[in-house]
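Encoded as structure tokens, the structure appears first; notes follow it.
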Amino acid sequence: MAHLTDQEIAAKAEIRPIQDIADKAGIPQDALEMYGKYKAKVDIHKVEGDESKSKVVLVSAMNPTPAGEGKSTCTVGLADAFNKLEKNVMVALREPALGPVMGIKGGATGGGHAQVLPMEEINLHFNGDLHAITTANNALAAFIDNHLHHGNKLNIDPRRVSWKRVMDMNDRALRQINVGLGGVTRGVPREDGFDITVASEIMAVLCLATDLIDLKKKIANIIIGYTYDKEPVTVGQLEVEGALALLLKEAIKPNLVQTMEGTPALIHGGPFANIAHGCNSLIATNTARKLADIVVTECGFGSDLGGEKFMDIKARKGNFAPDAIVLVATIRALKMNGGVAKSDLGEANVEALKAGIANLEKHVENARKFGVEPVVALNDFVTDTDEERNFVLDWCKEQGVRVSLTKVWEHGGAGGTDLAEQVLEVLGQEQNFKHLYETDLPIDQKIEKIVTEVYGGDGVIFTDKAKKQLAEIERHGWADVPVCMAKTQYSLSDDPSLLGRPSGFKVTVRELIAKNGAGFVLALTGDIMTMPGLPKVPSAVHMDVDADGNSKGLF
3 MAHLTDQEIA AKAEIRPIQD IADKAGIPQD ALEMYGKYKA KVDIHKVEGD ESKSKVVLVS
63 AMNPTPAGEG KSTCTVGLAD AFNKLEKNVM VALREPALGP VMGIKGGATG GGHAQVLPME
123 EINLHFNGDL HAITTANNAL AAFIDNHLHH GNKLNIDPRR VSWKRVMDMN DRALRQINVG
183 LGGVTRGVPR EDGFDITVAS EIMAVLCLAT DLIDLKKKIA NIIIGYTYDK EPVTVGQLEV
243 EGALALLLKE AIKPNLVQTM EGTPALIHGG PFANIAHGCN SLIATNTARK LADIVVTECG
303 FGSDLGGEKF MDIKARKGNF APDAIVLVAT IRALKMNGGV AKSDLGEANV EALKAGIANL
363 EKHVENARKF GVEPVVALND FVTDTDEERN FVLDWCKEQG VRVSLTKVWE HGGAGGTDLA
423 EQVLEVLGQE QNFKHLYETD LPIDQKIEKI VTEVYGGDGV IFTDKAKKQL AEIERHGWAD
483 VPVCMAKTQY SLSDDPSLLG RPSGFKVTVR ELIAKNGAGF VLALTGDIMT MPGLPKVPSA
543 VHMDVDADGN SKGLF
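Structure, rendered in structure tokens:
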């Protein structure tokens, strides 16, 4: 008998009116702004509660592989498990982006019996947040080119405009373009390019803002380029931060939906963790903290990317600490990190597990480095053997690490109750959370600390371009902020082919960009791209819709 797809399972699930979910979460009726029967936005100013009483559980992972680890599935399943244990819980997630949905990943709303609903609408456009961010970003680009066209009062050097246009799709052809061609009525000719929407600084500031006024202040601080005298030019100097905030006044409100088991879920914001800071919005997390005793949230990719950024950027700016960390691992990913090809992952191979488990070991060390005790969620797959499962479970016990064989894809919350109980043990203990670095540490030393302590590398190589940019950042007084590392997700290093736990490597920083609106410095490493390309066979080729509007192939 053929297994149902994630989309087919979601279609059969009972979905409750969103008002019922709001009532369960304690959200007052006048705070709800309905988007149909099953989705709503929440007016945060009408939600009351004490954030300090809530416990935050961060779900991170080992380094991901193309085989997929099911981190979102485990995050949703863990929240449902707390719900089954009659805990007051909410889950806070990022919004899917159309680039990966249509590209290599497909849907991003969990899987099996641990999903958020309505999965089709969440994966496709949702409540329009990413489109609003795209529009605001590109409106700013239009304002810049218009300023250049109409006399350039701010003396902006067209060669030094750093603000790029964006779109919510992978499109390598737009990485570098020319604009303003065709004569004087078409604008000022210059080189330009596109990033993907989730890499936009507008996305970052929306996810790190505390309210609409704070968002407007952050937008005003965004650097869009430099003058002929090499002085920075900000959005505030263009005097359009109010207009851009106006475009985002609905998008800044978090979105309320539900899991398949009726657990309230806030899904809001979606920066990538390999090219941005990789966490859902601070507004959504803090709203959940006001309402729930336990908030389950996630960060993108492994502890080396989204995990480190959650600790050093989001938690720092939000002035809170995670109370427990869950590290999702799979036998498939461990074997791949041990040298097994993706096509051979279905075959038992304990020797490969022994080699690949070094990757998980590093992520356990990273969690403890931040002073928070991890729990390993071994996400179960039907191809796993008892010998392989027992090896990982025994290894964790030998390392003194809590571990749970997690079966939420198959059983929903019931498949995660053991995980939830182990997390509750950690929540009952005092943690000693600390940031990896203080913000007054010089930028190059912050990067060195991340590379040597979190990645396990030997040091950092700065290109000549990065060295010049570092000097400019220091000259302008922009250095006392966190660093956001843009790095491949597949390796602890900046080389995606170095799997497992590589050693003896150095990370190359090729570019440093001051993101003054978001309040961090972006460090581009290796060959990481801020506009991804589509794979040879995109997920889109398997998608379709019938005459009644029913979709298929989303996941």
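Sequential numbering of the sequence shown, starting at 3, is according to our numbering.
Yeah, the Cβ is synthetic: ideal placement off N, Cα and C, and Gly gets one too.
All values reported here derive from a predicted model rather than from experimental measurement.
In this structure, DSSP gives isoleucine 285 a helical state, which the three-state scheme calls helix. Look at the beta carbons and you see the segment 222 to 241 touching the segment 130 to 147: at least three pairs across the two are nearer than 8 Å. Between isoleucine 530 and alanine 488, the CB-CB gap stays under 7 Å. Scanning Tyr40, Lys39, Asp25 for the CA closest to the CA of alanine 33 turns up Asp25.
Annotated three-state conformation of isoleucine 17 is coil, per DSSP.
Exposure of asparagine 157 is indicated by the presence of fewer than 16 other C-beta atoms within 10 angstroms of its C-beta.
Under the three-state reduction of DSSP, methionine 338 is assigned to helix.
If you check the CB distance, threonine 75 and alanine 116 come in under 7 Å.
A straight line joining the alpha-carbon of leucine 501 with that of leucine 494 spans about 7 Å. Contact check between the segment 172 to 187 and the segment 257 to 267: fewer than three CB pairs, one atom from each, fall below 8 Å, which does not count as touching. Straight-line measurement puts the Cα of leucine 472 at about 48 Å from the Cα of lysine 89.
In this structure valine 511 is not in contact with isoleucine 452, their Cβ atoms being roughly 11 Å apart against a cut-off of 8 Å. Comparing alpha carbon positions, the residue from Ser541, Val543, Val207 closest to lysine 319 is Val207. Under the criterion of beta carbons closer than 8 Å, asparagine 392 and glycine 309 do not qualify as touching, at roughly 27 Å. According to the DSSP assignment, asparagine 223 belongs to no alpha helix (DSSP H), since it is labelled neither H nor E.
Shortest Cα-Cα distance from glutamate 122 to any of Asp131, Leu150, Val103 involves Val103. Pairwise C-beta distances place the segment 432 to 443 in contact with the segment 358 to 375, as three or more of them are shorter than 8 Å.
Contact between glycine 280 and proline 273 is confirmed by a C-beta separation of about 6 Å, below the 8 Å threshold.
Runs of alpha helix (DSSP H) with 4 or more residues, each lying fully within the segment 397 to 433, are found at 410 to 413, 419 to 429, listed in chain order. Straight across, the Cα-Cα distance linking leucine 119 with leucine 556 is about 13 Å. For aspartate 8 and tyrosine 40, the gap between their C-alpha atoms comes out near 19 Å.
Restricting attention to Thr332, His47, Glu513, Met64, the CA atom closest to the CA of phenylalanine 464 is found in Glu513. The DSSP assignment places 485 to 488, 508 to 517, 522 to 527 as complete runs of the beta strand (DSSP E) inside the segment 468 to 538, in order along the chain (cut-off: 3 residues). Secondary structure at aspartate 197: strand, using DSSP grouped into helix, strand and coil. At a Cβ-Cβ threshold of 7 Å, asparagine 139 and valine 168 count as neighbours. For the options Gln31, Lys467, Phe322, Ile254, the alpha carbon positioned closest to that of isoleucine 515 is the one of Lys467.
With three or more CB-CB distances shorter than 8 Å, the segment 318 to 332 counts as touching the segment 355 to 369. In this structure, the beta-carbon distance from glycine 189 to histidine 151 falls below 7 Å. Secondary structure note for glutamine 239: its alpha helix (DSSP H) is the uninterrupted segment 237 to 240. The criterion of a C-beta distance shorter than 7 Å is satisfied by leucine 524 and lysine 517. Taken atom to atom, the span from the alpha-carbon of leucine 217 to that of alanine 211 is near 5 Å.
Comparing alpha-carbon positions, the option among Glu455, Gly551, Ser541 lying closest to phenylalanine 507 turns out to be Glu455. Glutamate 349 sits exposed, since fewer than 16 C-beta atoms from the chains shown fall within 10 Å of its C-beta.
Contact between the segment 78 to 87 and the segment 42 to 53 is absent: fewer than three C-beta pairs spanning the two stretches fall below 8 Å. By the CB criterion at 7 Å, asparagine 288 and leucine 307 fall outside the cutoff. Checking the DSSP bridge columns, you'll see asparagine 381 partnered with Thr408.
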